[in-house]
Each structure stands twice: as structure tokens, then as C-alpha cells.
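First comes the structure, then the notes that go with it.
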Amino acid sequence: MEHSLLVWLLPTLALVVGVAVGFLIARLVPNAAPSSTQRQLDDIQERFDSYQNEVVTHFNSTATLVKKLTQSYQEVQDHLAEGANRLALDEQTRQRLLASLHADAAAAPRERLTPPRNQEPPRDYAPKAPNAPGMLDEHYGLKK
1 MEHSLLVWLL PTLALVVGVA VGFLIARLVP NAAPSSTQRQ LDDIQERFDS
51 YQNEVVTHFN STATLVKKLT QSYQEVQDHL AEGANRLALD EQTRQRLLAS
101 LHADAAAAPR ERLTPPRNQE PPRDYAPKAP NAPGMLDEHY GLKK
């Protein structure tokens, strides 16, 4: 009986000691070395953050350039209007020059294209006289 008690007691005691040691090691060293998946996740997050910053920078500089372009366009238009006022020989010429400067802004909206009234589909053959050979006839276009 002692022998069977010893056979069961030693493995059970070893199991309990192993679980206790494993539990202590897990509590003392939680994540000592990050896993490769965690490192990959951190790397992807860092690349995503830098990409977001790059996109924001790009759109900010685009907005700045568009603002400068708008200001330059306005300055050119003002310069042309001033030149038309200063250099035009008479009032009629001055009015025509100023009207041509502002023609783009005051242009009437374009008319919409309307579909043709005839709804017949286009023909893919040439019209022919009655009893004349068609284009697909093997003797069409040949001289006798």
C-alpha cells in the first residue's frame, strides 16, 4: 500500500510544484520580450502614423499653393483692368476691354445637348435599289 501511495503522491506533488513555479515566473516576468506579432503591429502603427502626417502635410501645402494661385490670378486681373483703364484711347475701347476681362465670370450657362428626335438606330448597311445585289452578295461590285 505504501508503494501505490508513493506512486501517486510524487507525480501529484511534482505537478503542484511545477504549477506554482510557473505561476511565480509568469507574475514576475510579464512580457519580458515582446512577441514578433507585437513588434510587427507597432511597426505598422508607426508607418501608418507617419503616412497620416505626410498626407496632412501634403494637403496643407496644396491649400497654401491654391491660395497663392488665387491671389496671383486676382493680381493679374487687377493689373489688366488697371491697364485697360489707363491705356484705352476712348471710352468704347475701355468698355470692350473691361467686358472681355469679366466675360468668363458673367458667361451664360451653356445649353444642354438634347438627343436627336429620330430614335431609329443607325443602319449598318448601304441602301440598295430593289432587285439589286446587296453588299454581302458574292458578285457585288464585280464587273461582268
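Quick note: the sequence shown uses full-length UniProt numbering, first residue 1, plus one each step.
Glycine residues also receive a C-beta, built at the ideal position from the N, C-alpha and C atoms.
Which of the three DSSP states, helix, strand or coil, is assigned to residue i?
| i | result |
| --- | --- |
| A26 | helix |
| R47 | helix |
| T114 | coil |
| H58 | helix |
| E82 | helix |
| H3 | helix |
| E75 | helix |
| Q52 | helix |
| P11 | helix |
| D42 | helix |
| A129 | coil |
| K143 | coil |
At which residues does the alpha helix (DSSP H) containing residue i begin and terminate?
| i | result |
| --- | --- |
| S35 | It is not in any alpha helix (DSSP H) - S35 carries neither H nor E in the DSSP assignment. |
| E91 | E91 to L101 |
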